[in-house]
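Chains as they are written, first to last, in the working numbering: chain A, 1 to 510; chain B, 511 to 885.
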């Protein structure tokens with residue numbers, strides 16, 4: 001096998017970014033017609049490697065060979081010409097166009113100056129037939145489910161003649177049964193001779209699908225193995241270099257006192273669509289209430305309504321005995337509701353501002369950050385030093401602009417500033433998104449510790465294991481409604497996934 | 511480190527100025543004149559005592575106008591209506607100040623307060639439109655300018671003008687009594703050994719303008735309100751999530767901007783006109799936008815830009831004598847504005863990349879040290 005010509009061969013690829021070596025002499029050999037998985041933690045260098053292979057970034061050192069020939073890609077166009085296509089984690093589709101229009105966009109077959117629709121439709125039908133990817137070319141993309149959109153992306157890449165397919169974390173946005181569909185499609189593609197390179201950090205999936213697995217850690221390729229020869233545990237150890245931490249909470253600290261109650265909350269969009277409908281739940285002191293849902297099912301709007309960022313169309317929110325439905329966000333924060341927003345760059349940080357100004361964000365009306373109408377810069381700096389120290393934020397100092405910190409450190413800064421204020425309730429959306437395993441464990445620890453002291457937490461996460469592991473009660477939200485209450489002690493991620501797609505509902509919910 | 515910081519701070523404005531001189535030189539060359547001669551004459555004329563006094567006098571209202579615009583810019587709120595706000599404010603304040611029977615200092619205070627109230631009222635209209643109806647402030651403030659011009663012309667002609675003497679056709683309000691005027695700073699200059707030529711008077715409004723500048727600095731950089739303002743400008747989403755009420759911020763900032771705008775006409779009112787007339791100084795509001803842009807919303811930068819613009823205006827007067835069109839300085843102004851914007855963006859990217867690299871290196875070093883330490 002070693003003398004066969006590899007479909008793709010990367011040798012000695014090195015890519016440096018300011019202060020980081022993202023790829024360090026990486027070797028990767030992908031044989032034609034195989035499914036090759038590249039696994040590793042966030043920040044291991046997988047995405048950078050794929051961007052290099054797809055021509056989005058140029059390596060500082062090293063060679064790329066496609067089908068035995070050395071290539072130098074200057075842009076994705078060159079990669080496409082060499083038969084390499086990429087399906088991004090975040091889909092790049094125009095919602096208001098049809099499937100057909102999206103597929104041909106940028107490489108339209110033309111008849112004179114008009115698009116040859118018949119020809120395009122023919123090609124798409126042919127592709128979807130050959131590769132077993134069912135798609136209706138005339139439907140609008142906005143009407144498609146996530147799994148179907150992904151199929152559009154795949155067809156789009158095949159339409160451009162790709163024989164080597166890169167999929168960046170293709171399952172991150174899918175629920176379990178869609179994952180099964182995807183895997184069937186990928187197997188069919190493989191039967192037709194397409195080479196598939198897929199990036200993941202989910203071990204079960206990799207073991208189920210891949211023919212060969214390459215593990216990356218800290219910018220290097222540490223091993224290439226066959227799935228038959230390894231166990232899940234061994235792979236995990238290769239990935240992190242040590243045992244994986246688990247998010248399990250030990251004994252229950254749930255008390256009888258309700259600290260936050262959400263009653264019959266309905267939220268509508270400005271154009272009248274119902275985003276959250278009749279949601280009722282309560283959080284006790286010392287309790288973590290998890291809310292599971294596929295992104296876009298109203299969980300984001302629900303927490304924004306709890307924070308006072310979106311108006312309630314109906315219903316009430318209470319903090320302890322006090323009704324706070326009419327309060328502004330500032331009053332709610334002053335009353336002791338901490339907030340870790342879903343998107344740290346959109347809602348969590350002032351990127352060009354120094355660390356200390358970011359630590360005071362959300363707490364600027366209270367000591368030690370201000371004194372009457374005046375900002376207390378000395379007090380704020382000191383508090384920022386504490387957050388940096390206690391929460392292990394890696395920064396050269398508190399006067400450094402936050403954009404200079406890595407994503408994980410930014411996230412630790414946000415969690416730290418909320419926790420150090422000693423909130424009564426913490427509304428946390430994706431609190432460990434994009435941070436490394438060590439930092440993730442630290443955040444879980446912080447939440448657990450605060451929970452023992454009586455903190456009530458509303459937790460939203462895309463990481464089902466985190467949800468199951470941390471929550472004392474677990475709700476499922478689907479199309480804006482709470483459709484099930486599950487026991488985190490007994491539920492599995494697969495079962496949870498079934499509820500999240502709305503395939504199963506529980507009468508007892510609500 | 512400190513030297514480097516000063517170097518970086520000066521890099522953008524200096525390179526912008528150099529570029530501006532270069533491009534205007536090309537313009538002078540195109541009309542077959544010597545750019546060297548033109549700039550030399552301008553410089554010689556510009557540093558005469560009377561020219562410098564003129565420059566400062568012109569810079570004072572530009573500075574105030576720049577501050578009015580800048581406070582809005584800080585939160586990405588564009589008050590393009592300073593022009594209308596100060597026109598209306600100057601008219602009403604001049605009239606009220608002239609006809610209200612109060613003692614001197616009270617009269618000055620009254621004029622200033624009325625000017626601020628009118629300015630704030632006029633900008634407040636744009637704020638209310640934005641908050642309640644979603645009308646973009648650029649549109650509403652521009653349109654309110656024209657309404658302000660129309661209303662002030664009407665008010666002046668119909669209600670507020672002084673009956674004209676025979677042969678006098680200038681429409682104007684009544685003269686503000688001597689006691690309600692702010693004396694010039696010429697005695698102070700003479701005390702410093704500078705002797706202004708006759709007819710050259712340094713505006714007495716200068717100290718007040720400095721006070722406004724200091725208040726602006728304190729408000730933006732030292733108060734909670736200033737923090738909320740800057741946070742909203744940097745990231746409105748994060749500001750709301752932190753508890754900043756976006757609508758209240760728009761109203762407050764627009765009112766403050768308008769109140770400062772109301773004062774834009776005051777240096778000339780107190781120092782030169784002593785009344786509102788149909789030919790009262792105009793264009794200060796629009797120039798203020800350029801001044802704020804070149805000064806990067808920083809009070810020191812705004813002061814620098816205001817002085818620069820004043821100097822260009824004054825020193826260009828001499829060019830006519832030598833048959834060089836003085837419009838050359840208008841080209842310079844335009845080039846300065848454009849090149850400042852570009853130069854700052856380039857310098858910002860450069861500094862940001864440096865900072866990211868430095869932080870990454872120092873963090874890596876910290877991590878190494880931590881790893882070396884025995885647990």
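Virtual Cβ for every residue (Gly too), placed ideally from N, Cα, C.
Chain B has no Cβ within less than 8 Å of the Cβ of residue 311/A. Within the model, the alpha-carbon separation for residue 769/B versus residue 359/A is close to 33 Å. Taking 8 Å as the upper bound for CB-CB distance, residue 264/A and residue 35/A are not in contact here, some 49 Å apart. Chain order gives the chain B residues near residue 374/A as 732, 733, 734, where near means a beta carbon separation below 8 Å.
When secondary structure is reduced to three states using DSSP, residue 155/A falls in the helix class. Under the Cβ criterion of 8 Å, residue 328/A is counted among the residues facing chain B. For the 8 Å CB-CB criterion, residue 569/B and residue 751/B do not form a contact. Taking CB atoms only, residue 745/B has a neighbour in chain A less than 8 Å away. When the beta-carbon positions are compared, residue 480/A and residue 274/A come within less than 8 Å of each other.
By DSSP's assignment, residue 374/A forms a beta bridge with 371/A, 733/B. The beta strand (DSSP E) runs lying completely inside the region 468 to 492 of chain A and spanning 3 residues or more are 473 to 478, 481 to 486, given in chain order. Cβ-Cβ distances below 8 Å link residue 363/A to 333, 369, 417, 421 in the same chain, with the five nearest sequence neighbours on each side left out; the list follows chain order. Rounded to the nearest angstrom, the Cβ distance from residue 347/A to residue 747/B is 5 Å, consistent with a contact under 8 Å.
As computed with DSSP, residue 37/A is found in a beta bridge with 198/A, 213/A. Going by DSSP, residue 823/B is part of the alpha helix (DSSP H) stretching over 809 to 826.
Between residue 58/A and chain B, the shortest Cβ-Cβ separation is not below 8 Å. Excluding sequence positions up to five before and after residue 530/B, its CB lies within less than 7 Å of the CB of 842, 845, 846, 849, all in the same chain and listed in chain order. Per the C-alpha coordinates, the member of 228/A, 227/A, 223/A positioned closest to residue 238/A is 223/A.
Contact annotation for residue 385/A against chain B: no contact, minimum CB-CB distance about 14 Å [criterion: below 9 Å]. For residue 711/B, the closest Cβ of chain A is not nearer than 8 Å.
Judged by beta-carbon spacing, residue 5/A lies beyond the 8 Å limit of residue 85/A, meaning their Cβ atoms are not closer than that value.
For residue 307/A, the nearest beta carbon of chain B is closer than 8 Å to its own beta carbon. Of the candidates 38/A, 461/A, 27/A, 456/A, the residue whose Cα lies closest to the Cα of residue 215/A is 38/A. Spanning the alpha carbons of residue 716/B and residue 609/B requires a straight line of approximately 25 Å.
The three-state secondary structure of residue 84/A, taken from DSSP, is strand. For the 8 Å CB-CB criterion, residue 113/A and residue 135/A do not form a contact.
Between the alpha carbons of residue 592/B and residue 801/B lies a distance of about 13 Å. At a cut-off of 8 Å between beta-carbon atoms, residue 348/A makes contact with chain B. For residue 263/A, the enclosing beta strand (DSSP E) starts and ends at 258 to 268. For residue 588/B, the closest alpha carbon among the candidates 684/B, 760/B, 691/B, 523/B is that of 760/B. One Cα belongs to residue 7/A, the other to residue 152/A, and the distance between them is close to 24 Å. Contact annotation, residue 375/A with residue 733/B: C-beta distance approximately 6 Å; criterion of less than 8 Å satisfied. Residue 167/A sits in a strand when the DSSP states are folded into three classes.
Classified as buried, residue 778/B has 16 or more neighbouring CB atoms from the shown chains inside 10 Å of its CB. In this structure, the alpha-carbon of residue 739/B lies about 10 Å from that of residue 756/B. Relative to the Cα of residue 186/A, the nearest Cα in the group 205/A, 173/A, 201/A belongs to 205/A.
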